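Keeping their order, the protein sequence lines are chains H and C. Note that the first sequence covers residues 189 to 825 in the working numbering. Note that the second sequence covers residues 117 to 378 in the working numbering.
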Amino acid sequence: MTLDAKIPSGPIEQAWAKHCFDMKLVNPANKRKHSLIVVGSGLAGGAAAASLGELGYNVKCFCFQDSPRRAHSIAAQGGINAAKNYPNDGESVFRLFYDTVKGGDFRAREANVYRLAQVSGKIIDQCVAQGVPFAREYGGSLSNRSFGGAQVSRTFYARGQTGQQLLLGAYQALERQVRAGSVTMIPRTEMLDLIVVDGRARGIVARDLVTGAYSVHIADAVILGTGGYSNVYYLSTNAKGSNTTAIWRAYKRGALFANPCFTQIHPTCIPVSGDYQSKLTLMSESLRNDGRIWVPKKKGDPRPPNEIPEDERDYYLERKYPSFGNLVPRDVASRNAKAMCDEGYGVGKSGLGVYLDFSESIARLGEKTVRERYGNLFDMYQRITDENPYKVPMRIYPAIHYTMGGLWVDYELQSTIPGLFVLGEANFSDHGANRLGASALMQGLSDGYFVIPYTIGNYLATNKFPKVEESNPAVQEALTEVKTKIDKLLSIKGNRTVDSFHRELGKIVWDYCGMGRTAEGLEKAIGLIRALREEYWKNVTVAGSADDLNESLEKAGRVADFFELAELMCIDARARNESCGGHFREEYQTSEGEAQRDDENYSYVAAWGYKGDNAPPELTKEPLEFHYVHPSQRSYK
Amino acid sequence: MKLTLKIWRQKNSNEKGAFVRYPMDDVDPEMSILECLDVLNETLILKGVPPVAFEHDCREGICGMCGFVINGVAHGPERGTTACQLTMRHFKEGDELTLEPWRAKAFPLIKDLVVNRRAFDHIIEAGGYVSVSTGQAPDGNDILVGKEVADKSMDAAACIGCGACVAACPNAAAALFTGAKITHLSSLPQGEPERDRRALAMVAQMNAEDFGSCTNIGECTAACPKEIPLDVIAKMNRDYICGTVRTRDDLPTPVTPVLAKS
Numbered sequence: 189m190t191l192d193a194k195i196p197s198g199p200i201e202q203a204w205a206k207h208c209f210d211m212k213l214v215n216p217a218n219k220r221k222h223s224l225i226v227v228g229s230g231l232a233g234g235a236a237a238a239s240l241g242e243l244g245y246n247v248k249c250f251c252f253q254d255s256p257r258r259a260h261s262i263a264a265q266g267g268i269n270a271a272k273n274y275p276n277d278g279e280s281v282f283r284l285f286y287d288t289v290k291g292g293d294f295r296a297r298e299a300n301v302y303r304l305a306q307v308s309g310k311i312i313d314q315c316v317a318q319g320v321p322f323a324r325e326y327g328g329s330l331s332n333r334s335f336g337g338a339q340v341s342r343t344f345y346a347r348g349q350t351g352q353q354l355l356l357g358a359y360q361a362l363e364r365q366v367r368a369g370s371v372t373m374i375p376r377t378e379m380l381d382l383i384v385v386d387g388r389a390r391g392i393v394a395r396d397l398v399t400g401a402y403s404v405h406i407a408d409a410v411i412l413g414t415g416g417y418s419n420v421y422y423l424s425t426n427a428k429g430s431n432t433t434a435i436w437r438a439y440k441r442g443a444l445f446a447n448p449c450f451t452q453i454h455p456t457c458i459p460v461s462g463d464y465q466s467k468l469t470l471m472s473e474s475l476r477n478d479g480r481i482w483v484p485k486k487k488g489d490p491r492p493p494n495e496i497p498e499d500e501r502d503y504y505l506e507r508k509y510p511s512f513g514n515l516v517p518r519d520v521a522s523r524n525a526k527a528m529c530d531e532g533y534g535v536g537k538s539g540l541g542v543y544l545d546f547s548e549s550i551a552r553l554g555e556k557t558v559r560e561r562y563g564n565l566f567d568m569y570q571r572i573t574d575e576n577p578y579k580v581p582m583r584i585y586p587a588i589h590y591t592m593g594g595l596w597v598d599y600e601l602q603s604t605i606p607g608l609f610v611l612g613e614a615n616f617s618d619h620g621a622n623r624l625g626a627s628a629l630m631q632g633l634s635d636g637y638f639v640i641p642y643t644i645g646n647y648l649a650t651n652k653f654p655k656v657e658e659s660n661p662a663v664q665e666a667l668t669e670v671k672t673k674i675d676k677l678l679s680i681k682g683n684r685t686v687d688s689f690h691r692e693l694g695k696i697v698w699d700y701c702g703m704g705r706t707a708e709g710l711e712k713a714i715g716l717i718r719a720l721r722e723e724y725w726k727n728v729t730v731a732g733s734a735d736d737l738n739e740s741l742e743k744a745g746r747v748a749d750f751f752e753l754a755e756l757m758c759i760d761a762r763a764r765n766e767s768c769g770g771h772f773r774e775e776y777q778t779s780e781g782e783a784q785r786d787d788e789n790y791s792y793v794a795a796w797g798y799k800g801d802n803a804p805p806e807l808t809k810e811p812l813e814f815h816y817v818h819p820s821q822r823s824y825k
Numbered sequence: 117m118k119l120t121l122k123i124w125r126q127k128n129s130n131e132k133g134a135f136v137r138y139p140m141d142d143v144d145p146e147m148s149i150l151e152c153l154d155v156l157n158e159t160l161i162l163k164g165v166p167p168v169a170f171e172h173d174c175r176e177g178i179c180g181m182c183g184f185v186i187n188g189v190a191h192g193p194e195r196g197t198t199a200c201q202l203t204m205r206h207f208k209e210g211d212e213l214t215l216e217p218w219r220a221k222a223f224p225l226i227k228d229l230v231v232n233r234r235a236f237d238h239i240i241e242a243g244g245y246v247s248v249s250t251g252q253a254p255d256g257n258d259i260l261v262g263k264e265v266a267d268k269s270m271d272a273a274a275c276i277g278c279g280a281c282v283a284a285c286p287n288a289a290a291a292l293f294t295g296a297k298i299t300h301l302s303s304l305p306q307g308e309p310e311r312d313r314r315a316l317a318m319v320a321q322m323n324a325e326d327f328g329s330c331t332n333i334g335e336c337t338a339a340c341p342k343e344i345p346l347d348v349i350a351k352m353n354r355d356y357i358c359g360t361v362r363t364r365d366d367l368p369t370p371v372t373p374v375l376a377k378s
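#1: Would the beta-carbon of residue 627(H) fall within 8 Å of that of residue 288(H)?
#2: Does residue 737(H) come within less than 8 Å of chain C when only Cβ atoms are used?
#3: With residue 216(H) as the anchor, note down where its alpha helix (DSSP H) starts and where it stops.
#4: Is there a Cβ of chain C sitting closer than 8 Å to that of residue 708(H), yes or no?
#5: Under DSSP, the beta strand (DSSP E) around residue 454(H) begins and ends at which residues?
#6: Going along chain C in order, which residues have a C-beta closer than 9 Å to the C-beta of residue 561(H)?
#7: Taking a contact to mean a Cβ-Cβ separation below 8 Å, would you say residue 606(H) touches residue 387(H) in this structure?
#8: Taking residue 504(H) as part of the alpha helix (DSSP H), name the residues at either end of that continuous run.
#9: Return the Cβ separation of residue 370(C) and residue 320(C) in integer angstroms, given the expectation that the two are a contact with Cβ distance under 8 Å.
#10: If we count Cβ pairs, one from each stretch, closer than 8 Å, do we get three or more for the segment 361-378 of chain H versus the segment 564-582 of chain H?
#11: Can you confirm whether residue 304(C), when its beta carbon is compared against all beta carbons of chain H, has any partner nearer than 8 Å?
#12: State the DSSP-derived secondary structure class of residue 726(H), mapped to helix, strand or coil.
#13: Helix or strand or just coil, what does DSSP make of residue 803(H)?
#14: Which residues of the segment 255-268 of chain C have a Cβ closer than 7 Å to any Cβ of chain H? Give them in chain order.
#15: Just to confirm, are residue 299(C) and residue 318(C) a CB contact at a threshold of 8 Å?
#16: Quick one: Cα of residue 696(H) to Cα of residue 431(H), how far?
#17: Mind checking whether residue 160(H) and residue 631(H) have CB atoms under 8 Å apart?
#18: Along the chain, which unbroken stretches of the beta strand (DSSP E) at least 3 residues long are found entirely within the segment 405-438 of chain H?
#19: What separation, rounded to the nearest whole angstrom, lies between the Cα atoms of residue 247(C) and residue 746(H)?
#20: When you compare only the Cα positions, how much space is there between residue 269(H) and residue 343(H)?
#21: Residue 220(H) versus chain C: which residues are under 8 Å apart at the beta carbon?
#22: Identify the contact partners of residue 245(C) in chain H, using a Cβ-Cβ distance below 8 Å as the criterion.
#23: I need the boundaries of the alpha helix (DSSP H) containing residue 568(H), first residue and last residue.
#24: Just curious, the alpha helix (DSSP H) that residue 700(H) is in, first and last residue?
#25: Just to confirm the assignment, what range does the alpha helix (DSSP H) spanning residue 210(H) have?
#26: Using a Cβ cut-off of 9 Å, pull out every chain C residue sitting near residue 641(H), in sequence order please.
#27: Determine the chain C residues that contact residue 427(H) at a beta-carbon separation under 9 Å, and present them in chain order.
#28: Does residue 731(H) have its Cβ less than 8 Å from a Cβ in chain C?
#29: Please say whether residue 767(H) and residue 744(H) have beta carbons closer to each other than 8 Å?
#30: Answer yes or no: do residue 337(H) and residue 515(H) have a C-beta to C-beta separation smaller than 8 Å?
#31: Within 10 angstroms of the Cβ of residue 326(H), are there 16 or more other Cβ atoms? Answer buried if so, exposed if not.
#32: State whether the segment 715-729 of chain H contacts the segment 541-561 of chain H, with contact taken as three or more CB pairs (one from each stretch) at a distance under 8 Å.
#33: With 9 Å as the C-beta to C-beta threshold (strictly closer), list the residues of the segment 309-341 of chain H near chain B in chain order.
#34: Are there 16 or more other CB atoms within 10 angstroms of the CB of residue 371(H), so buried, or fewer, so exposed?
#35: Would you kindly work out how many angstroms separate the C-alpha atoms of residue 198(H) and residue 812(H), rounded to a whole number?
#36: Assuming residue 122(C) is part of the beta strand (DSSP E), what are its boundary residues?
If you want it as structure tokens, here you go:
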């Protein structure tokens, strides 16, 4: 199989405009005759459903939560990047493009990233017009800040809840279309399979989570904006409901899955406090601007941090990276924290934590200034840990936060199944091997507001859509598969709960396919995952029945998919014999312990195709070419 | 830590519900009350008993999905805290915690601690937006918005739509929720053109949904995990009255309320 990414020819600056002109349009009067399914109501799905409804398409939008406003985009704290150059500090479309390609460690597609940078400004305009209350200067203009080590101030924000405000903007636009009758919102309903008829995506099989009723929805195209798969690790910063089921079903129906092993670890999360822990809470990485990270020089030092004298502390990031110090990128900060804890220097009850100390900043700037900058984060930390970070250092530990991998899509965001489009975190396209801070919101909204409304028209205008009946064998087959799987899960009645399996699976993936990976460890992990999966299908127990609200059953189906995905992640990580971005293979590092890329052999997107439950997946490579940003080795010394 | 959870169990809206007591032997003070329910549910599942249904998602206080009444207080005793961020250290050995769902006519019960809050979506659908389609926006800095105005708007926009205000209100009114959205949008120049229409339409939908009337008691703002100020209700009333004076006859009619459907 060869992959055609449909990258427009000619100079990158004009590529998107040219492509927009080349794409076919749907006559306004014909738009309402086209039915579209959007799964997911976050920044990508919600923005797409609203925008497509505005254009006049007949849209059905699904979410598993009780309301589209709950989507996990809501939890993003820091901000959204845009190449506006309001601060007059040298920002440009090209710089945002350059930083994103470089930050992605040269594993993203240049044309997609350039388009992202180009439309970024329009996103801010759109959100402002919707009434998103971005932070403002006294003079009334939009406020910007520098974020995640960027050298320009390109980040727009609404306090510490930018994701919430952007999502509410998209949600409100969506509700406006619901009232207008162009979008039908179907909440508390989960997509459980993709319907492919004659090689094209033509609908979904869904289950009503309250009544348990199965339903079939047919449309001309299906759009997935279902987010990432960090919850494969069990403990992550994702919402509890975030899952891989929609994209995994699509993968099993023939869509290729790209770079599944590219996952991002966030360095500043609140450490795990016990076995019951259900999720991890992120603390914005802006804290590293004023906090100093250290561990005691003595292993297992039992003294409280304030009693450890200055010369018995190891400020290891400042020691190893004198020029960047505590501001090294996410992956470097995370790996070092893990290394210190693995060597026995970790702090806290579990030994899995390092100190993030503000005492010096408080002495230098005063408590008031520190409170102004980080007050809400300090309050949140105190609420969770009952420790006052103004008095004692915070304890932090890395946690899985974002997945760069996802379904393979071309320049038009279409997967390898014609008629199946994938947006936002669910696709793989823009962040390469590492995502920069404040870029996730940008990509979700870019895909939803400004890319899919153009590209879907091209697909609809150039294809015919014969009516698909529910009696169609492809529909019936998908429906039967879904029912069989749920009945099977309920019938096992074993001795272990879904969560206990999920926790064990998460630990395997975290240990062997987390911050550091080795060929040997990945091999071992694949064996462990297979064995655990086998046990799952023999020994899991799901309480209750399939005819009412049953979270235990919902989870059981999602975890079954996580098992299969976890194996694919390990296979992908094992096949990529280099380190890049969030993928750190311990065998491939520079003498200074930095990620060692192998551009000669691995400058490609690894797209995996499903070949059957017992057959190995098939690898197809999309070579990456860099005409504008030339690959270089990162160094933060 | 040992304590007892006394939880409202009800299979669905057609069957009768009752409180059931669950003694918990090993509660870690560091766990959240949702994690405490997770632990309980794990033991129930292994005994073949249907687990307690409760809603939750982000577990960091922003999605608005979680929430139930704990000892008579929506989201429990801590101010400005959602249930997911309420840790067990606020309770003591031997305590009995009574957990029950939001009780309001407009929020019909689905199961155990889960209720249907679609009425909130209907209120937003009626007019809780700026009518601007994708692509129509002028440059973000074309219309200046003073910092004080943006901050006030943000204070109201912080609402997470959890429904605690309705649960806390003796009248089960949705005035704080509706007022928060009206205040968020009508404070901003972008929301000005639709100000009258928005207030009239949203209030009409709120009334259609069988929420009670606001009598200015203030329990809503006390229970609100985001501490939305009470004056958003005054702002809503002001916009509503002004809108009534300037009313036109092309206002949208309310959609069928949640209760009529269930």
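Using N, Cα and C, we set each Cβ at its ideal position, and we do this for glycine too. These numbers come from a predicted model, not from an experiment.
The relevant details are as follows:
#1: For the purposes of this step, residue 627(H) is taken as the residue at position 439 of the first sequence. For the purposes of this step, residue 288(H) is taken as the residue at position 100 of the first sequence. In this structure, residue 288(H) lies closer than 8 Å to residue 627(H) by Cβ.
#2: On the first sequence, residue 737(H) is found 549 positions in, with the first residue counted as 1. Interface residue, yes.
#3: As a first step, residue 216(H) is located in the first sequence; it is residue number 28 there, counting from the start. Segment 216-219, the alpha helix (DSSP H) holding residue 216(H).
#4: By one-based count along the first sequence, residue 708(H) stands at place 520. Cβ-Cβ to chain C under 8 Å: no for residue 708(H).
#5: The residue given as residue 454(H) occupies position 266 in the first sequence. Segment 451-457, the beta strand (DSSP E) holding residue 454(H).
#6: Position 373 of the first sequence, counted from the start, is the residue given in the question as residue 561(H). The premise fails here: residue 561(H) is roughly 16 Å from chain C at the closest Cβ pair, so nothing lies under 9 Å.
#7: Numbered from its first residue, the first sequence carries residue 606(H) at position 418. Numbered from its first residue, the first sequence carries residue 387(H) at position 199. Result yes, Cβ atoms of residue 606(H) and residue 387(H) sit closer than 8 Å.
#8: Numbered from its first residue, the first sequence carries residue 504(H) at position 316. First-last of the alpha helix (DSSP H) with residue 504(H): 504-508.
#9: Here residue 370(C) is taken as the residue at index 254 of the second sequence, counted from 1. Here residue 320(C) is taken as the residue at index 204 of the second sequence, counted from 1. Residue 320(C) and residue 370(C) do touch by the CB rule: their CB atoms are close to 5 Å apart, below 8 Å.
#10: no
#11: Start at 1 with the first residue of the second sequence, and residue 304(C) comes out as number 188. Yes - at least one Cβ of chain H is within 8 Å of the one on residue 304(C).
#12: What you label residue 726(H) is simply residue 538 of the first sequence in a count that begins at 1. Reduced to three states, the DSSP call for residue 726(H) is helix.
#13: The count along the first sequence starts at 1 and reaches residue 803(H) at position 615. It is coil, neither helix nor strand.
#14: 255, 256, 257, 260, 261, 262, 263 and 266
#15: Locating residue 299(C) in the second sequence gives position 183, counting from the first residue. Locating residue 318(C) in the second sequence gives position 202, counting from the first residue. Result no, Cβ atoms of residue 299(C) and residue 318(C) do not sit closer than 8 Å.
#16: Working through the first sequence from its first residue, we reach residue 696(H) at position 508. Working through the first sequence from its first residue, we reach residue 431(H) at position 243. Answer to the nearest angstrom: the Cα atoms are 18 Å apart.
#17: The shown model of chain H, from 189 to 825, leaves out residue 160(H), and the question about it has no answer.
#18: 409-412
#19: Here residue 247(C) corresponds to residue number 131 of the second sequence, with the count starting at 1. Here residue 746(H) corresponds to residue number 558 of the first sequence, with the count starting at 1. Cα to Cα, residue 247(C) sits roughly 37 Å from residue 746(H).
#20: As a working mapping, residue 269(H) is identified with position 81 in the first sequence. As a working mapping, residue 343(H) is identified with position 155 in the first sequence. Each residue's Cα considered, the two are about 4 Å apart.
#21: On the first sequence, residue 220(H) is found 32 positions in, with the first residue counted as 1. Result: empty, since nearest Cβ-Cβ is about 16 Å, beyond 8 Å.
#22: Translated into positions along the second sequence, residue 245(C) becomes position 129. Result: 318, 319, 360, 361, 363 and 364.
#23: Position 380 of the first sequence, counted from the first residue, corresponds to residue 568(H). Where residue 568(H) is concerned, the enclosing alpha helix (DSSP H) stretches over 555-573.
#24: In the first sequence, the residue the question calls residue 700(H) occupies position 512. Here the alpha helix (DSSP H) through residue 700(H) covers 686-701.
#25: Residue 210(H) sits at position 22 when you count from the first residue of the first sequence. Its alpha helix (DSSP H) spans residues 200-210.
#26: As a first step, residue 641(H) is located in the first sequence; it is residue number 453 there, counting from the start. Going along chain C in sequence order, the residues near residue 641(H) (Cβ under 9 Å) are 250 and 251.
#27: By 1-based counting over the first sequence, the position of residue 427(H) is 239. Simply 172, 173, 174, 175, 176, 179 and 181.
#28: Within the first sequence, numbered from 1, the residue matching residue 731(H) stands at position 543. Judged by the 8 Å Cβ criterion, residue 731(H) is in contact with chain C.
#29: The sequence position of residue 744(H) within the first sequence is 556, counting from 1. The sequence position of residue 767(H) within the first sequence is 579, counting from 1. Taking 8 Å as the Cβ cut-off, residue 744(H) and residue 767(H) do not qualify as a contacting pair.
#30: Against the first sequence, residue 337(H) aligns to sequence position 149. Against the first sequence, residue 515(H) aligns to sequence position 327. Yes.
#31: Sequence index remark: in the first sequence, residue 326(H) carries index 138 (1-based). It is exposed - the Cβ of residue 326(H) has fewer than 16 other Cβ atoms within 10 Å.
#32: No, the segment 715-729 of chain H does not touch the segment 541-561 of chain H.
#33: Going by chain labels, chain B is absent from the structure shown, which instead holds the protein chains H and C.
#34: For this step, residue 371(H) is matched to residue 183 along the first sequence. Looking at its Cβ environment, which holds 16 or more other Cβ atoms inside 10 Å, residue 371(H) is buried.
#35: As a working mapping, residue 198(H) is identified with position 10 in the first sequence. As a working mapping, residue 812(H) is identified with position 624 in the first sequence. Their Cα atoms are separated by approximately 16 Å.
#36: Taking the first residue of the second sequence as 1, we reach residue 122(C) at position 6. From DSSP, the beta strand (DSSP E) with residue 122(C) extends over 119-125.
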